[in-house]
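In what follows, a structure is listed as structure tokens, so that the remarks can point back to it.
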Amino acid sequence: MLLDDDLVLHLEDGSQVVRSREHLTGPDGWLPDAPVVVLTFVGDRCRVSGQQEVPAVDQRTADRLAEVHELLRDQPVPVDVVELVMEARARYPRLLSEPHAPLAQLLAAGGLRVVDDRVLADDEPDPDPYDPFAHIEDHLRDDHGLDDDEVADVRLVHDAVRTTLERLSDALRERLDPAGGEVPTPEQLFSSLLTEPAPDAAEPVGDDEVATTSQDGDNRWLAGLPAAVGRLLSDEELALVLLEDVVAGHALRAMALGEMVAVLEPRLGPRHARANAAWLRARTLELAADDHAGAEPLLRRALELDPDHLEATLALAGYLDDRGRAGAALTQLQRVEGPGLEDTRELLARYARPGPAAAGRNDPCPCGSGRKYKVCCQRSNGWPLKDRLDWVWHKVARFITSTVGQDVLVDTAGLAGAAPTVPAAMDDVVIVNLALFEGELLVDLCDLRGALLPADELELLRTWSDTRASVQEVVEVARGRGLTLLDLTTGERTEVADVSLSRSVSVGDALLVWLIPTPAGTVPSAGVVQIPDHRREDLLELLDEAPDVEELAAWYASLSAAPGLANTDGDLLELTTRIYRVGDPDAAWAALAEHLEEDGPGLLAFTHRDGHRWLMGSITRDGDELTVQVNSAARAAWFDDLITREVPDAELVDEERHPAAELVGRSAAGTSGPLDEDAGGFDLDALDPAARSELEAQLDEMMRDHEDAWVDTALPALQGATPREAAADPTRRDALLRLLDDFERHAAAWDSPGRPMDADRLRRLLGL
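Numbering-wise (my numbering), the sequence shown opens with residue 418 and increments by one.
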């Protein structure tokens, strides 16, 4: 809730409060007449009360804020107040649930302070003034190998683009004023910057002056801009830096940089510099306005000025490729080398030759349309759409790996818990399909490149863009020919002529698939993924709710995630400590002892199952505080019900929760290296052999206990039967065997601490 803007909150009397990022606005009289106002938020409800005195600083709360800050301070981005509070509340759910001293006082008591919206420890120096260029300066030196002079030139262009956009924003704000004038174009704004008073052209402009004057609004530093742009455009790799690191995919920056280059282009001398300028303007037109009609002539101009310009060659070949002009695109690509170009040339060479529907211009078209060849398949060189499907997929793949596509693909990979890199994402058929369909990359392709595509290809891609994920069961297989799929949501049957798929699946398999229509029949997009038997129902339920890309990616991430450790009740392990304050500790202890077993200084609760006695949790006391320790949220709730019933005046004053995976797990983001124990994780390789052996033995014992309980646990995957019951039931036995096979497949890919569930041991326990 802290991150939402313009949220409507409901007061207890039915009126509403609107909460923006900075303010709360409510009806007249909604705030009490008290020195201190207390606001309690629960979901979209707000309870308002008042009290007479500001609460004193609670040192335990201050220490916990400091503790969480210590865990966050080494991350690459600064910690702000919102992040600190949210992280602290996630770790300590009761934190700040009651009125406290002002947050600034709590932070100060914990040795923290706020500077420019950042939370810093007292031993941390104040941050340098904000420099919007600083975050890319190291990247330019380390990854691009730029020297100090080249970095200074890129900084100058970066600051000029930023200043142009700031001036445009100011002009737009003035335009909203009835007395305001016309809004200037970016080109007019940039031209005016260049004509403002400037120092002597021979006067050097150093980095320090660039940094200070650009932030103070004095534009004398722009006198050196034409020369800086000229130097950067004299080298194709430096021109590419402007596109990748100054524009960085932002449409407004692309617009400003494009106008800047257009104004300065007449001042450029060398042909290769003007070629780079034409290419850069073409790319900024694409990014700023999807203006392919304006970009293509600029690409041709770039090649007229410099026939060996690699980026312009590749871009123009892409235009010709999309238009269906295979021969012309091939001619462009024959002159250059690069990764993947050989495969592209091979594909284009195939379609550059006359296709099976080739004929004389005025002959009837062999495709059977009834039209003359010259107005039908001649435009595709005699290749009907059903024979161009490989080419269509090539265009889709090229768009996926474009700047626009890569952003969506990498974001999708992150949502799915995979490595957020293009090569890794391209190897995963689910991530590719999620990006194309739920992530709407196909919609973007049609919108951004549709004007270039042949009409029949565009129509096909628009049809594909409506496809969504489905669960299909294999009901018939003709090895080497195809298969029949049954949609488990709609009941619709589909014949799929996929030879390779027919050799890799069996009747009864459930597949996650995106089925797309083609002139050659219905086919799976990019591939399929087999769904474990015990995960069918939850995926079907999810698909019934029309999930977005985030929800479906999260389900897919859970498919490959290690199963959570559970206690003997089948609940996920979550080490939970709750502290209750009571008025009469002795009376409270006596009341609870009536229901629990005394064991030295503590009270213990047990549960019984299948002849075994299992510890549920414990209670200890210290003064007027009772401390409950359990290993799951469900058991914490059981103790809470008991205490609420037997000790009505008990007040929950603190709670701390740690999922078991946090104590022994590795980073869910796929990073490597040791984990900080204080951050809630252990790198097993960093432990000494004795400690590692002990921890692994504990994990093995926990898993054995889980397996012992699992065979007698009712499972949704077995229609509510236990594995032991399913083993004795012929109607459920096959489902149980498939479930055990799933465990075996999962074990082969296990890379987490401890061990996975042992399918062989489970079979022995079940008499299988």
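Note that the Cβ used here is the ideal one computed from N, Cα and C, for glycine as well.
Could you spell out the range, first to last residue, of the alpha helix (DSSP H) harbouring residue 816? Numbered from 1 along the sequence shown, position 399 holds the residue referred to as residue 816. Looking at the DSSP string, the run of the alpha helix (DSSP H) that includes residue 816 is 806-817.
Per the DSSP calculation, residue 889 is bridged to which residue(s)? Numbered from its first residue, the sequence shown carries residue 889 at position 472. Beta-bridge pairing links residue 889 to 904, 928.
What's the C-alpha gap between residue 1082 and residue 1072? Here the question's residue 1082 lines up with position 665 in the sequence shown. Here the question's residue 1072 lines up with position 655 in the sequence shown. In this prediction, residue 1082 has a pLDDT of 44, which is less than 50 and means its spatial position is unreliable; what the coordinates show is noted afterwards. The alpha-carbon atoms of residue 1082 and residue 1072 are separated by roughly 22 angstroms.
Close beta carbons around residue 477, own chain, < 8 angstroms, minus the five adjacent residues each side: As a position in the sequence shown, residue 477 is number 60, starting the count at 1. Closer than 8 angstroms at the Cβ level, and outside the excluded window around residue 477, lie 1071.
Check whether the Cβ atoms of residue 910 and residue 903 lie closer than 8 angstroms to each other. Your numbering for residue 910 matches position 493 in the sequence shown. Your numbering for residue 903 matches position 486 in the sequence shown. Their beta carbons are under 8 angstroms apart, which means residue 910 touches residue 903 by this criterion.
Verify whether the separation of the beta carbon atoms of residue 533 and residue 544 is less than 8 angstroms. Working through the sequence shown from its first residue, we reach residue 533 at position 116. Working through the sequence shown from its first residue, we reach residue 544 at position 127. In contact: residue 533 and residue 544 (Cβ atoms closer than 8 angstroms).
At what residues does the alpha helix (DSSP H) containing residue 388 begin and finish? The requested residue 388 does not occur in the structure, where the chain is confined to residues 418 to 1185.
Measuring CA to CA, which of 676, 562, 928 is closest to residue 579? Stepping through the sequence shown from its first residue, residue 579 is reached at position 162. Of the listed residues, the one whose Cα sits closest to residue 579 is 676.
How many angstroms separate the CA atom of residue 862 from the CA atom of residue 754? For the purposes of this step, residue 862 is identified with residue 445 of the sequence shown, where counting begins at 1. For the purposes of this step, residue 754 is identified with residue 337 of the sequence shown, where counting begins at 1. Cα-Cα distance, rounded: 26 angstroms.
Quick one: what does DSSP say residue 948 is sitting in, helix, strand or coil? Along the sequence shown, one-based indexing puts residue 948 at 531. Note: residue 948 maps to coil in three-state DSSP.
CB-CB under 6 angstroms to residue 840, same chain, minus the five flanking residues each way: which ones, in chain order? For the purposes of this step, residue 840 is taken as residue 423 along the sequence shown, with counting starting at 1. Excluding residues within five positions, none has a Cβ falling inside 6 angstroms.
Can you check DSSP and say which residues form a bridge with residue 898? The residue you call residue 898 lines up with position 481 of the sequence shown. Residue 898 is not bridged to any residue.
Hey, could you find the ends of the alpha helix (DSSP H) residue 730 is sitting in? Against the sequence shown, residue 730 aligns to sequence position 313. 727-740 is the extent of the alpha helix (DSSP H) around residue 730.
With DSSP run on the structure shown, which of helix, strand or coil describes residue 793? Residue 793 sits at position 376 when you count from the first residue of the sequence shown. Coil at residue 793, not helix or strand.
Alpha carbon of residue 915 to alpha carbon of residue 939, nearest angstrom: Here the question's residue 915 lines up with position 498 in the sequence shown. Here the question's residue 939 lines up with position 522 in the sequence shown. Each residue's Cα considered, the two are about 9 angstroms apart.
Taking buried to mean at least 16 other C-beta atoms within 10 Å of its own C-beta, is residue 889 buried or exposed? The count along the sequence shown starts at 1 and reaches residue 889 at position 472. Under this definition residue 889 is a buried residue.
Rank 640, 683, 670, 746 by C-alpha distance to the C-alpha of residue 650 and give the top, closest one. Translated into the one-based positions of the sequence shown, residue 650 becomes position 233. Checking every option, the nearest Cα to that of residue 650 belongs to 683.
Would you be able to state if there are at least three C-beta pairs under 8 angstroms between the region 801-819 and the region 729-744? yes
I'd like the list of long-range same chain contacts for residue 1153, defined as Cβ closer than 7 angstroms, with 5 residues on each side in sequence excluded. Taking the sequence shown and counting its residues from 1, one reaches residue 1153 at position 736. For residue 1153, where only same-chain residues beyond five positions count, the Cβ hits under 7 angstroms are 1135, 1140, 1143, 1144.
Roughly how far, in whole angstroms, is the beta-carbon of residue 799 from the beta-carbon of residue 774, given that I think they are within contact range, below 8 angstroms? Working through the sequence shown from its first residue, we reach residue 799 at position 382. Working through the sequence shown from its first residue, we reach residue 774 at position 357. About 4 angstroms; that satisfies the 8 angstroms criterion.
Does residue 1099 come out as helix, strand or coil in the three-state DSSP assignment? Sequence index remark: in the sequence shown, residue 1099 carries index 682 (1-based). Interpretation of residue 1099 is limited by its pLDDT of 43, a score under 50 that renders its predicted location unreliable; the figure taken from the coordinates is listed afterwards. Coil, per DSSP.
Starting from the C-beta of residue 784, find all residues in its chain whose C-beta is less than 7 angstroms away, skip the five residues before and the five after it, and write them out in chain order. Your numbering for residue 784 matches position 367 in the sequence shown. Same-chain partners within the cutoff: 774, 793, 794, 801.
Rounded to the nearest angstrom, what separates residue 556 and residue 660 at their Cα positions? Taking the sequence shown and counting its residues from 1, one reaches residue 556 at position 139. Taking the sequence shown and counting its residues from 1, one reaches residue 660 at position 243. Residue 556 and residue 660: Cα-Cα distance of roughly 14 angstroms.
Report all residues from its chain with a CB closer than 8 angstroms to the CB of residue 937; omit the five preceding and five following residues, and keep chain order. Taking the first residue of the sequence shown as position 1, residue 937 is located at position 520. 803, 806, 914.
When the Cα atoms are used, what is the spatial distance from residue 694 to residue 686? The residue labelled residue 694 in the question sits at position 277 within the sequence shown. The residue labelled residue 686 in the question sits at position 269 within the sequence shown. Spanning the two alpha carbons is a distance of roughly 11 angstroms.
Segment contact, 8 angstroms Cβ cut-off, at least three pairs: the region 827-835 with the region 861-878: no
Nearest chain C C-beta to residue 905 closer than 8 angstroms, yes or no? The structure shown contains no chain C, having only a single protein chain.
Give me the Cβ distance between residue 891 and residue 932, rounded to the nearest whole Å; I'm assuming they're in contact under 8 angstroms. For the purposes of this step, residue 891 is taken as the residue at position 474 of the sequence shown. For the purposes of this step, residue 932 is taken as the residue at position 515 of the sequence shown. That pair is no contact at about 13 angstroms.
Can you tell me which of the three DSSP states residue 753 falls into? Position 336 of the sequence shown, counting from 1, holds the residue named residue 753. Coil, per DSSP.
Can you tell me the Cα-Cα spacing of residue 1037 and residue 1044, whole angstroms? As a working note, residue 1037 is residue 620 in the sequence shown. As a working note, residue 1044 is residue 627 in the sequence shown. Going by the C-alpha atoms only, they are around 5 angstroms apart.
Take the Cβ of residue 1012 as the centre, count every other Cβ of all protein chains shown within 10 Å, and call the residue buried at 16 or more, exposed below. Counting from 1 along the sequence shown, the entry for residue 1012 is found at position 595. With fewer than 16 Cβ atoms within 10 Å of its Cβ, residue 1012 is classed as exposed.
Mapping the DSSP letters down to three states, classify residue 854 as helix, strand or coil. Counted from its first residue, the sequence shown places residue 854 at position 437. If DSSP states are grouped into helix, strand and coil, residue 854 belongs with the helices.
Suppose you measure from the CA of residue 446 to the CA of residue 437; what does that come to, to the nearest Å? As a working note, residue 446 is residue 29 in the sequence shown. As a working note, residue 437 is residue 20 in the sequence shown. Looking at the two C-alpha atoms, the distance is approximately 19 angstroms.
Applying the criterion that 16 or more other CB atoms from any shown protein chain within 10 Å of the CB defines a buried residue, is residue 962 buried or exposed? Translated into the one-based positions of the sequence shown, residue 962 becomes position 545. That one is exposed.
Tell me whether the beta-carbon of residue 474 lies closer than 8 angstroms to the beta-carbon of residue 501. The residue given as residue 474 occupies position 57 in the sequence shown. The residue given as residue 501 occupies position 84 in the sequence shown. It is not a contact, given that the beta carbons lie outside the stated cut-off.
Please work out which residues of its chain come closer than 7 angstroms, Cβ to Cβ, to residue 1177, disregarding the five sequence neighbours upstream and downstream, and give them in chain order. Here the question's residue 1177 lines up with position 760 in the sequence shown. Cβ neighbours of residue 1177 beyond the five flanking positions: none.
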